[in-house]
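What follows is a single structure, written as structure tokens, with notes after it.
So this is what it looks like as structure tokens:
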């Protein structure tokens, strides 16, 4: 029986075990100083993720999300209309709150809507993951790779956004079209009885909402660790049950991903292979950025190619498109699937995202080069 539980946990947390194994193997074959491990771990990012997880768990436990979902569904007539509203909201939020934070807000809402209606939750979550990648592409602060390239290239805020507008527009048009085609042509059927007896816990709802806003602001100003520590203390005192329900294994998974991919990207053999390529050629940089994102996620890919790319906008286009395809292309994909907790989520994401990349990549390149 114990063996069965361990096998079930192994299947559920295969990503954590896979990247923990990769990290261990690389540590043995290519020992590195402590400073390198600290750099790869991305402490502020993990701290921000921890704070967001705590705040969102409190909002979930307060039943605020469930009631907001009921209000939204009651005012929407068709599943396609609801889907377009959710993907548009995801894209807009990702421009100012970043792609990850937008998913922390919208995916629990989507799951709650699915519990109240006939909305296909997994399809909607996959669409939202695609939408935040499109929306965040437009903004210099929409995702970590854009922020890095915006600051590294010392580009004006509006200049960066204007240069990325055609790319983001193509991406979002594709997401909107897919949403309309993929969601059922049905009216929203609301099962209002599912909310009976589920009152909003006002104190927890208010605390968690303030915590979420405060965490986003602190992350913006580089104080994620302070914010996460403060929320950990407050929730331990006020809402220990919510704190115990936080998905701490997701934090461990991301720590393993950061360490494994960070180390992999800096291996001498990888560096030597990149030195053979001419990244001054737009197509080489474009394909290289997409491929690197598929292998190591788009943020490590950006760091890997940063000093080799002469045009930060060209690299931004490549790594943002590279967020599609394999789930590892963007960590937002993994966050969306983990928050949704739907069976066969990874398979469904790949069934859509891989063909999406194969269509999106050439289309974006043609539009970008034509308008550029």
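Residue numbers (my numbering): 9 to 380.
Don't be surprised by glycine CBs; every beta carbon is placed ideally from N, CA and C.
Sub-8 angstroms separation of residue i and residue j beta-carbons
i, j, result
"residue 196", "residue 102", "no"
"residue 372", "residue 329", "yes"
"residue 243", "residue 62", "yes"
"residue 92", "residue 185", "no"
"residue 169", "residue 144", "no"
"residue 309", "residue 300", "yes"
"residue 105", "residue 224", "yes"
"residue 332", "residue 361", "yes"
"residue 246", "residue 71", "no"
"residue 65", "residue 250", "yes"
"residue 296", "residue 285", "yes"
"residue 48", "residue 271", "yes"
"residue 238", "residue 55", "no"
"residue 87", "residue 191", "yes"
"residue 57", "residue 241", "no"
"residue 340", "residue 107", "yes"
"residue 343", "residue 171", "no"
"residue 273", "residue 311", "yes"
"residue 120", "residue 82", "no"
Simplified DSSP state of residue i, which is helix, strand or coil
i, result
"residue 305", "coil"
"residue 349", "coil"
"residue 283", "helix"
"residue 148", "coil"
"residue 229", "coil"
"residue 211", "helix"
"residue 46", "helix"
"residue 136", "helix"
"residue 253", "coil"
"residue 340", "helix"
"residue 98", "helix"
"residue 373", "helix"
"residue 288", "coil"
"residue 356", "helix"
"residue 28", "helix"
"residue 294", "helix"
"residue 131", "helix"
"residue 74", "helix"
"residue 276", "helix"
"residue 317", "coil"
"residue 363", "helix"
"residue 368", "helix"
"residue 91", "helix"
"residue 143", "helix"
Residue span of the alpha helix (DSSP H) that contains residue i, given as start and end
i, result
"residue 154", "152-161"
"residue 5", "It is not possible to answer for residue 5, since the shown part of the chain is limited to 9 through 380."
"residue 52", "51-69"
"residue 110", "107-124"
"residue 265", "256-273"
"residue 324", "320-329"
"residue 174", "165-190"
In DSSP terms, what residue i is bridged to
i, result
"residue 86", "195"
Residues near residue i by beta carbon distance below 7 angstroms, same chain, minus five either side
i, result
"residue 94", "114, 118, 132, 136"
"residue 183", "95, 135, 138, 139, 142"
"residue 264", "24, 27, 28, 31"
"residue 356", "130, 134"
"residue 222", "235"
"residue 213", "67, 70, 72"
"residue 346", "255, 258"
Same chain only: Cβ atoms within 8 angstroms of residue i, ignoring 5 sequence neighbours per side
i, result
"residue 178", "368, 371, 372, 375"
"residue 377", "290"
"residue 379", "174"
"residue 319", "290, 293"
"residue 1", "This structure does not reach residue 1, given that the chain is present from 9 up to 380, and the question cannot be answered."
6 angstroms Cβ shell around residue i - same chain, five flanking residues per side excluded
i, result
"residue 334", "302"
"residue 336", "305"
"residue 110", "98, 101, 102, 140"
"residue 112", "60, 64"
"residue 261", "23, 24"
"residue 268", "27, 30, 31"
Chain C contact for residue i (CB, 8 angstroms cutoff)
i, result
"residue 120", "Checking the listed chains, one finds no chain C in this structure; it contains a single protein chain."
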